[in-house]
Amino acid sequence: MALAAGLAGCTDTATLVDATEDGPALDENGAPITGPSLAAQWYSTDPGRALISGDPAEFEAFDVPSLRGVARAAPYFHDNSHATLMDVLDTYSRFILPGLPSVGLPPHPPEAPGGPPESLTPTQQQDLIRFLMRL
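To convert, take the position in the sequence shown, counting from 1, and add 2; that gives the numbering used here.
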């Protein structure tokens, strides 16, 4: 429990009742803590719009900007953790798109040995970069 509380950035046991190694943290009613997508959250420390609005329903919700001029808007993501568009596409290709089976992208061999499978081929990534740079 202490490890889960530390990962969640939470020290209040009233809001983090239990966490198992196989599942997300649970709230005081035993329900998984969820974000705006209503998917169970393993941990989070970013309040998103809830910090501004005070509305708990907006926890981990963010205003998404237009893609116009995106190539000149680095760094990327709400926490500025990605310096280039290629970093963003690598993250999506390796970690985000594989978790969205409804998108229907087949897995491709990883770029580096032992890495996670890619959802986008290097050619698809370059095509997307060229497209985004034209906006």
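Just so it is clear, CB atoms sit at the ideal spot from N, CA and C, and this is done for glycine as well. Bear in mind that the values here come from a model prediction, so they are computed numbers and not experimental data.
Item, Value
"Pull the bridge partners of residue 78 from the DSSP assignment, please.", "84"
"Quick one: using the 10 Å Cβ neighbour count with 16 as the cut-off for buried, is residue 61 buried or exposed?", "buried"
"Hey, how far is the Cα of residue 119 from the Cα of residue 49?", "31 Å"
"Quick check: the Cα distance between residue 134 and residue 100, rounded to an integer number of angstroms?", "21 Å"
"DSSP has residue 50 in a bridge; who is on the other side?", "61"
"By DSSP, does residue 99 sit in helix, in strand, or in coil?", "helix"
"Is it buried or exposed for residue 127, if we count other Cβ within 10 angstroms and need 16 for buried?", "buried"
"Taking buried to mean at least 16 other C-beta atoms within 10 Å of its own C-beta, is residue 95 buried or exposed?", "buried"
"Straight-line CA distance for residue 108 to residue 92?", "16 Å"
"Counting only the same chain and skipping the five closest in sequence on each side, list residues whose C-beta sits under 7 Å from that of residue 86.", "76"
"Comparing C-alpha positions only, which one of 137, 70, 65 sits nearest to residue 81?", "65"
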